[in-house]
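Enquirer: Protein sequence lines, in the order shown, are assigned to chains A and B. Per our numbering, the first sequence starts with residue 713, numbered consecutively. Per our numbering, the second sequence starts with residue 2, numbered consecutively. The beta carbon of each residue, even a glycine, is placed where N, CA and C say it ideally should be. Quick caveat, the model's predicted, so the values are computed rather than measured.
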Amino acid sequence: MRTNDKVTGVVTAAFGAAVIYASLDLKNLPRQDYGAGTFPTVIGGLLVLFGAILLLRGLGNREEWLAWQHPVPLMHFILTLAAICASVVAYVYLTPVVGFPVVSFVLLSLLLYTFHHRRWLPSMGMALTATAIIWGVFGQLLHVPLELGLLEKVIYS
Amino acid sequence: MSDLLQAASMVFTWEVCLIILAASLFGLFMGAIPGLTATMATALLVPVTFFMDPLPAIAAIVSATAMAIVAGDIPGALLRIPGTPASAVYTEEAFAMGKQGKIGLALGLNVTCSMIGGVIGVLILAFCAPMIAEFAIQFTSDEYFWLALLGLSCAILVSGADPLKGGISMLAGLVIAMVGMDSVSGQMRFTFGNYDLLAGISILPVLIGLFAISELIRRMPETRNRAPLSPPIIKNPFEGVGSALWKYKGGVLRGGALGTVIGALPGAGADIASWISYAVSRKLSKTPEKFGTGHPEGLVSASAANNASLSGAYIPALVFGIPGDTVTAIIIGVLMTKGITPGPDVFVTQGPLVNAIFMVFILANLLLLPLGFMAIRGARHILSIPTGILFPLILMFCIVGAFAANNAMFDIWIMLGIGVMGFFMAENDFPVGPMILAVILGPIVESNFMRSILKSNGDLTAFVDRPIAMVLAIAAVAVWSMIIVNGVRAGRKVPATAK
Numbered sequence: 713m714r715t716n717d718k719v720t721g722v723v724t725a726a727f728g729a730a731v732i733y734a735s736l737d738l739k740n741l742p743r744q745d746y747g748a749g750t751f752p753t754v755i756g757g758l759l760v761l762f763g764a765i766l767l768l769r770g771l772g773n774r775e776e777w778l779a780w781q782h783p784v785p786l787m788h789f790i791l792t793l794a795a796i797c798a799s800v801v802a803y804v805y806l807t808p809v810v811g812f813p814v815v816s817f818v819l820l821s822l823l824l825y826t827f828h829h830r831r832w833l834p835s836m837g838m839a840l841t842a843t844a845i846i847w848g849v850f851g852q853l854l855h856v857p858l859e860l861g862l863l864e865k866v867i868y869s
Numbered sequence: 002m003s004d005l006l007q008a009a010s011m012v013f014t015w016e017v018c019l020i021i022l023a024a025s026l027f028g029l030f031m032g033a034i035p036g037l038t039a040t041m042a043t044a045l046l047v048p049v050t051f052f053m054d055p056l057p058a059i060a061a062i063v064s065a066t067a068m069a070i071v072a073g074d075i076p077g078a079l080l081r082i083p084g085t086p087a088s089a090v091y092t093e094e095a096f097a098m099g100k101q102g103k104i105g106l107a108l109g110l111n112v113t114c115s116m117i118g119g120v121i122g123v124l125i126l127a128f129c130a131p132m133i134a135e136f137a138i139q140f141t142s143d144e145y146f147w148l149a150l151l152g153l154s155c156a157i158l159v160s161g162a163d164p165l166k167g168g169i170s171m172l173a174g175l176v177i178a179m180v181g182m183d184s185v186s187g188q189m190r191f192t193f194g195n196y197d198l199l200a201g202i203s204i205l206p207v208l209i210g211l212f213a214i215s216e217l218i219r220r221m222p223e224t225r226n227r228a229p230l231s232p233p234i235i236k237n238p239f240e241g242v243g244s245a246l247w248k249y250k251g252g253v254l255r256g257g258a259l260g261t262v263i264g265a266l267p268g269a270g271a272d273i274a275s276w277i278s279y280a281v282s283r284k285l286s287k288t289p290e291k292f293g294t295g296h297p298e299g300l301v302s303a304s305a306a307n308n309a310s311l312s313g314a315y316i317p318a319l320v321f322g323i324p325g326d327t328v329t330a331i332i333i334g335v336l337m338t339k340g341i342t343p344g345p346d347v348f349v350t351q352g353p354l355v356n357a358i359f360m361v362f363i364l365a366n367l368l369l370l371p372l373g374f375m376a377i378r379g380a381r382h383i384l385s386i387p388t389g390i391l392f393p394l395i396l397m398f399c400i401v402g403a404f405a406a407n408n409a410m411f412d413i414w415i416m417l418g419i420g421v422m423g424f425f426m427a428e429n430d431f432p433v434g435p436m437i438l439a440v441i442l443g444p445i446v447e448s449n450f451m452r453s454i455l456k457s458n459g460d461l462t463a464f465v466d467r468p469i470a471m472v473l474a475i476a477a478v479a480v481w482s483m484i485i486v487n488g489v490r491a492g493r494k495v496p497a498t499a500k
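1) Quick one, which residues of the stretch 743–776 of chain A are near chain B if we go by CB-CB under 7 Å, in chain order?
2) Three or more C-beta pairs under 8 Å: does that hold for the stretch 35–54 of chain B against the stretch 88–96 of chain B?
3) How about residue 813 of chain A: is its C-beta nearer than 8 Å to some C-beta of chain B?
4) Return the chain-ordered list of same chain residues with a C-beta closer than 8 Å to the C-beta of residue 378 of chain B, the five sequence neighbours on each side being excluded.
5) How about residue 177 of chain B: is its C-beta nearer than 8 Å to some C-beta of chain A?
6) Taking the straight line between their C-alpha atoms, what separation do you get for residue 299 of chain B and residue 252 of chain B?
7) Residue range of the alpha helix (DSSP H) that residue 378 of chain B falls in?
8) Any C-beta of chain A sitting closer than 8 Å to the C-beta of residue 445 of chain B?
9) State the start and end residues of the unbroken alpha helix (DSSP H) segment that holds residue 166 of chain B.
10) Quick check on residue 189 of chain B: does DSSP put it in helix, strand or coil?
11) Please classify residue 507 of chain B: does DSSP put it in a helix, a strand, or coil?
12) Does the beta carbon of residue 736 of chain A sit closer than 8 Å to a beta carbon anywhere in chain B?
13) Can you list the residues of chain A that residue 489 of chain B reaches, using a CB-CB cut of under 9 Å?
14) Would you mind giving the Cβ-Cβ distance between residue 45 of chain B and residue 213 of chain B, rounded to the nearest angstrom? I have them listed as a contact below 8 Å.
15) Can you tell me the Cα-Cα spacing of residue 433 of chain B and residue 443 of chain B, whole angstroms?
16) Per DSSP, which one or two residues make a beta bridge with residue 224 of chain B?
17) Under 8 Å between the Cβ atoms of residue 242 of chain B and residue 32 of chain B?
18) Straight-line CA distance for residue 121 of chain B to residue 355 of chain B?
19) Would you say residue 836 of chain A faces chain B, with C-beta separation under 8 Å as the test?
20) Output, in sequence order along the chain, the residues in the stretch 772–805 of chain A whose CB is closer than 7 Å to any CB in chain D.
21) Can residue 224 of chain B be considered in contact with the ligand MG, in the sense that its beta carbon sits closer than 7 Å to one or more heavy atoms?
22) If we call anything under 8 Å between Cβ atoms a contact, is residue 130 of chain B one with residue 320 of chain B?
23) Taking C-alpha atoms, which residue in B/245, B/470 and B/50 lies nearest to residue 139 of chain B?
24) Sort B/171, B/247, B/277 and B/294 by Cα distance to residue 256 of chain B and report the nearest one.
25) Tell me which residues of the stretch 195–217 of chain B have at least one Cβ-Cβ distance to chain A shorter than 9 Å, keeping chain order.
26) Buried or exposed for residue 307 of chain B, going by 16 or more other Cβ atoms inside 10 Å?
27) Taking the alpha carbon of residue 208 of chain B as the reference point, which residue from B/457, B/328 and B/371 has its own alpha carbon closest?
28) What distance in whole Å lies between the Cβ atoms of residue 189 of chain B and residue 182 of chain B, which are believed to be in contact at a cut-off of 8 Å?
29) Could you check the C-alpha separation between residue 713 of chain A and residue 773 of chain A for me, to the nearest Å?
30) Span of the alpha helix (DSSP H) holding residue 404 of chain B?
31) Excluding the 5 residues flanking residue 247 of chain B on each side, which residues of the same chain have their C-beta closer than 8 Å to its C-beta?
32) Rounded to the nearest angstrom, how far is the Cβ of residue 812 of chain A from that of residue 861 of chain A, given a contact under 8 Å?
33) Run the CB neighbour count on residue 484 of chain B, radius 10 Å, all protein chains shown included, and call it buried at 16 or more, exposed below.
34) Quick one: complete alpha helix (DSSP H) runs, 4+ long, within the stretch 814–866 of chain A?
35) Looking at the secondary structure, which residues open and close the alpha helix (DSSP H) in which residue 262 of chain B lies?
36) Could you work out which residue in B/186, B/116 and B/435 is closest to residue 71 of chain B when comparing CA atoms only?
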């Protein structure tokens with residue numbers, strides 16, 4: 713998804729201005745003209761400068777404001793991006809409640825079904841194997857606290 | 002001598018050897034799949050290395066990247082699809098050799114020259130790094146400030162066609178690096194009352210977001226349109242390699258040396274090394290008209306160069322703590338989390354560790370030969386794995402990997418946010434390399450600047466008081482002038498597709 717340099721330039725300059733604004737409250741070191749806000753202000757200033765140059769450059773060309781240049785249809789891309797974002801959101805909110813194994817198994821089954829198999833049984837089989845491997849490597853070998861959630865009650869009851 | 006023995010006893014343990022082997026196999030797999038790069042392999046490996054000691058962690062990353070670069074040659078020769086950007090320059094050449102029935106020779110030369118190039122790079126690294134370190138030990142915060150700034154600036158210049166966009170990418174990386182507690186004054190910056198941001202933004206979710214999630218966003222929509230790959234069978238790998246190597250021995254050695262030097266330049270990685278080496282080889286060849294028609298001369302030189310550059314990148318990384326490419330930026334991040342700050346002092350305080358790292362390099366490069374042979378034989382199987390299966394698995398691995406560094410769900414949000422941003426950056430020709438270098442170098446630039454300014458009581462001329470600092474400052478100012486001038490010029494050359 714390509715945007716015109718004018719848009720990118722304005723966004724960059726606005727970001728730089730926001731960085732400078734957020735640095736205004738930072739205090740200098742005692743008896744010094746420098747402090748925690750010095751570097752952010754310099755960086756923000758450079759972002760404004762570079763954004764302005766990009767904007768000026770953009771004024772000279774006739775690019776579209778927003779253009780989709782991929783062979784894949786835009787709707788297909790949006791749905792895939794939504795699937796990735798939804799997977800992350802689901803993982804963050806559901807894992808503390810139902811646990812890693814269930815969330816990972818369900819998410820992988822859905823993703824494998826959607827992006828490859830179009831059949832539930834092979835997708836679920838592969839999801840189960842992958843979940844077990846990730847659980848083994850991260851949860852058991854590297855001691856990452858991947859919560860068991862619902863399975864904790866099943867296993868330890 | 003006792004340092005060397007101590008280093009050998011650190012390297013030749015079951016744990017390190019097993020990790021080198023496993024990481025090489027992982028790199029082989031990642032490099033052989035088109036679209037999965039060596040940097041992505043490193044980003045995915047980092048969550049695991051967080052739980053290792055410094056040496057095994059470095060061994061894992063070094064082995065995986067070296068193997069990924071070599072494995073990236075395989076789909077290029079078989080299917081005309083480069084596995085990694087570093088293989089792109091000679092893909093046409095290797096594929097043309099395949100059409101002439103010399104596919105075994107092409108891949109055999111790729112693997113052997115990569116191994117030779119890698120070893121040349123390590124030897125130069127082991128020879129030069131301690132000497133430069135001895136010189137660099139006199140550096141103060143002034144020199145380090147200019148050096149880090151110069152490193153960042155060079156990264157912008159070599160990162161792409163548009164230095165202005167490279168500069169914006171770097172500045173955005175510096176903003177990311179400034180989030181959290183200021184190391185000098187202890188004030189909170191850009192945390193907006195969020196407790197998860199107090200310790201700053203962790204490097205790991207940024208890495209995974211920029212190099213894995215953004216790639217997934219780009220490639221996952223294509224999975225259903227892509228037909229399964231069907232590479233040809235390779236019958237005689239390594240047939241005729243010995244005689245071809247002897248014939249082009251000069252090119253291999255030149256590629257190795259050139260790759261090491263290019264790799265040592267901040268921001269210039271394996272892909273630039275192989276492009277330049279191929280171009281030089283063509284320029285010096287007696288038969289330049291044969292290049293591109295299945296002629297091995299350019300291929301041997303570029304294959305040696307891309308692996309040698311991996312070693313070269315460690316020269317500034319180990320000596321100054323300034324990363325030469327994205328992979329060494331990751332390594333510096335890993336070392337810092339383990340309490341080791343790369344720099345000239347490391348050569349004095351951690352002598353055996355430095356020697357052990359050199360040994361690991363040699364071992365990883367020597368392993369390229371047997372594992373490369375194995376990869377060529379098994380290429381059909383690796384390449385026939387559908388991406389529709391791989392991508393969902395990589396996504397889950399990314400999520401768990403981002404969580405693993407700090408056991409924080411917040412890092413998963415950072416990973417997703419940076420991943421989406423990385424996708425839009427790549428779509429608009431903003432290189433991501435300068436951003437990751439800035440995230441690593443940002444604190445070094447700022448802390449050395451603040452140290453110098455406090456030391457001189459606010460006198461800015463103290464930054465150029467010392468001769469080396471003065472030279473570095475002139476170089477940094479010259480590079481920044483070039484960035485701005487080239488950035489304005491790049492705007493006048495609007496790409497044809499944009500009109």
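Expert: To lay it out plainly:
1) 744, 745, 746, 747, 748, 751, 752, 755, 758, 759, 762, 765, 766, 769, 772, 773, 774 and 775
2) These segments do not touch.
3) Not an interface residue.
4) Cβ neighbours of residue 378 of chain B beyond the five flanking positions: 235 and 238.
5) no
6) 8 Å
7) Where residue 378 of chain B is concerned, the enclosing alpha helix (DSSP H) starts and stops at 352–384.
8) no
9) 164–179
10) In this structure, residue 189 of chain B counts as strand in the three-state DSSP scheme.
11) No answer is possible for residue 507 of chain B: the residues shown for chain B start at 2 and end at 500.
12) Not an interface residue.
13) Within 9 Å Cβ-Cβ: 765, 768 and 769.
14) 6 Å
15) Going by the C-alpha atoms only, they are around 15 Å apart.
16) For residue 224 of chain B, which the question treats as bridged, DSSP gives no partner whatsoever.
17) The answer is no: Cβ separation not under 8 Å.
18) 17 Å
19) Taking Cβ atoms only, chain B never reaches closer than 8 Å to residue 836 of chain A, which makes this a no.
20) Of the protein chains in the structure, A and B, none is chain D.
21) Annotation note on the ligand MG: not contained in the displayed structure, which lists no ligands.
22) yes
23) Measuring from the Cα of residue 139 of chain B, the nearest candidate turns out to be B/470.
24) B/277
25) From the stretch 195–217 of chain B, only 214 and 217 have a Cβ closer than 9 Å to chain A.
26) Residue 307 of chain B is buried by the Cβ-count criterion.
27) Taking only the C-alpha atoms, the option nearest residue 208 of chain B is B/328.
28) 6 Å
29) 18 Å
30) In the DSSP annotation of this structure, the continuous segment of the alpha helix (DSSP H) that includes residue 404 of chain B starts and ends at 388–407.
31) Annotation for residue 247 of chain B: no residue places its beta carbon closer than 8 Å to its own, counting only its chain and skipping 5 residues before and after.
32) 7 Å
33) buried
34) 832–846
35) That run of the alpha helix (DSSP H) goes 250–265.
36) B/116
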